[in-house]
Amino acid sequence: MTIYHIASRADWSAALQQGEYRVSTRGRSLEEEGFIHASTAGQVDGVANAFYADAEDLVVLLIDPERLTAPLKYDPVPGATEPFPHIYGPLNVDAVTGTAELRRDAEGRYVFED
Numbered sequence: 114m115t116i117y118h119i120a121s122r123a124d125w126s127a128a129l130q131q132g133e134y135r136v137s138t139r140g141r142s143l144e145e146e147g148f149i150h151a152s153t154a155g156q157v158d159g160v161a162n163a164f165y166a167d168a169e170d171l172v173v174l175l176i177d178p179e180r181l182t183a184p185l186k187y188d189p190v191p192g193a194t195e196p197f198p199h200i201y202g203p204l205n206v207d208a209v210t211g212t213a214e215l216r217r218d219a220e221g222r223y224v225f226e227d
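Here my numbering = 1-based position in the sequence shown + 113.
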């Protein structure tokens, strides 16, 4: 099953040059957080609206868990009904099978359609 990560287009472009992605979440590195935040398809728009509502130029990375070189764990998150996938190490760019766009609805909220 594909997992997803919201990235700034600039951070993703830099990762393509470097061969790995090391941003945990907006404003935090893998080193600071200890893992890279990811989501299931049903969690993407909630994360986008909670943490990236005022951000632009975002891209959603589509990640094949079987291609990851770092461990993947599903961790409970306070207040969430489902656990979230977390990547415990750098994201190797060849695990990313594609990208998707986040669009905004009429109220300006992010909507993700896989």
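Even glycine gets a Cβ: it sits at the ideal position worked out from N, Cα and C.
field: CB of Ala82 within 8 Å of CB of Leu215, strictly
entry: The chain is shown only over 114 to 227; residue 82 falls outside these bounds and no answer can be derived.
Tyr187 burial status per 10 Å Cβ neighbour count (16 or more: buried): Reading the sequence shown from its first residue, position 74 is the one you call residue 187. Label assigned to Tyr187: exposed.
query: When the Cα of Glu179 is compared with those of Ala208, Val136, Ala166, which residue comes out closest?
result: As a working mapping, residue 179 is identified with position 66 in the sequence shown. Of the candidates Ala208, Val136, Ala166, the one whose C-alpha sits nearest the C-alpha of Glu179 is Ala208.
- request: Could you check if Gln156 is buried or exposed, using at least 16 other CB atoms within 10 Å of its CB as the buried criterion?
  value: In the sequence shown, counting from the first residue as 1, residue 156 sits at position 43. By the 10 Å Cβ count, Gln156 comes out buried.
- prompt: What number of angstroms, rounded off, separates the C-alpha of Pro203 from the C-alpha of Leu143?
  reply: Within the sequence shown, numbered from 1, the residue matching residue 203 stands at position 90. Within the sequence shown, numbered from 1, the residue matching residue 143 stands at position 30. Near 7 Å, if we compare the C-alpha coordinates of Leu143 and Pro203.
field: Of the residues Ala166, Thr153, Thr212, the one placed nearest Arg222, counting alpha carbons only
entry: Looking up residue 222 in the sequence shown gives position 109. Checking every option, the nearest Cα to that of Arg222 belongs to Ala166.
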